[in-house]
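Peer 1: If you want our numbering, it's the position in the sequence shown, counting the first as 1, plus 12.
The structure's right below; bear with me while I get my questions together.
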Amino acid sequence: MGYCPVCNGLVQIKKNCPHCSELMKDNGRYMDYFDDYSAYLPIELTKQTDGIVDDGKNNNCPHILTCTSCQHDMIVLINEV
Numbered sequence: 013m014g015y016c017p018v019c020n021g022l023v024q025i026k027k028n029c030p031h032c033s034e035l036m037k038d039n040g041r042y043m044d045y046f047d048d049y050s051a052y053l054p055i056e057l058t059k060q061t062d063g064i065v066d067d068g069k070n071n072n073c074p075h076i077l078t079c080t081s082c083q084h085d086m087i088v089l090i091n092e093v
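Below, the structure written as structure tokens:
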């Protein structure tokens, strides 16, 4: 298991919205939105149940991005180091 450079504040995600081209906002780890306590569960456990194929095996950290202009959401996989 590696660590996510975005979660640890080493880099920022800069991605434009595919619908309106505005800069999207990083809302953190995708798994943190499952329920009230998911942010406190072990990361490797939540990766087994998040519905993203092989994110644990491939050392990816899924982040959810939201466009503040058109409200489009998307998940991006960040390579852990």
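Even for Gly, the Cβ is constructed at its ideal location relative to N, Cα and C.
1. Thinking C-alpha only, which one of Lys-69, Ile-76, Ile-55 is nearest Gln-24?
2. Under 8 angstroms, with one C-beta from each stretch per pair, do the region 38-45 and the region 56-68 reach the 3-pair mark?
3. In three-state DSSP terms, what is Ile-76?
4. Using CA coordinates, which residue listed in Leu-22, Cys-32, Tyr-15 is at the minimum distance from Cys-79?
5. Using DSSP's beta-bridge definition, name the partner residues of Lys-59.
6. Rounded to whole angstroms, what is the Cα-Cα separation between His-84 and Val-18?
7. Comparing alpha-carbon positions, which option in Asn-71, Gly-14, Asn-39 lies nearest Lys-26?
Peer 2: Based on what the coordinates show:
1. Counting from 1 along the sequence shown, the entry for residue 24 is found at position 12. For Gln-24, the nearest C-alpha among the options comes from Ile-76.
2. Yes: the two stretches touch, three or more of their Cβ pairs being nearer than 8 angstroms.
3. The count along the sequence shown starts at 1 and reaches residue 76 at position 64. The answer is strand: DSSP assigns Ile-76 an E or B state.
4. On the sequence shown, residue 79 is found 67 positions in, with the first residue counted as 1. If we check each option's Cα against that of Cys-79, Cys-32 comes out closest.
5. Locating residue 59 in the sequence shown gives position 47, counting from the first residue. DSSP output for Lys-59 lists no bridge partner at all.
6. For the purposes of this step, residue 84 is taken as the residue at position 72 of the sequence shown. For the purposes of this step, residue 18 is taken as the residue at position 6 of the sequence shown. Taking the straight line joining both Cα atoms gives about 20 angstroms.
7. Within the sequence shown, the letter at position 14 stands for residue 26. Looking at the Cα atoms, Asn-39 is the closest of the given residues.
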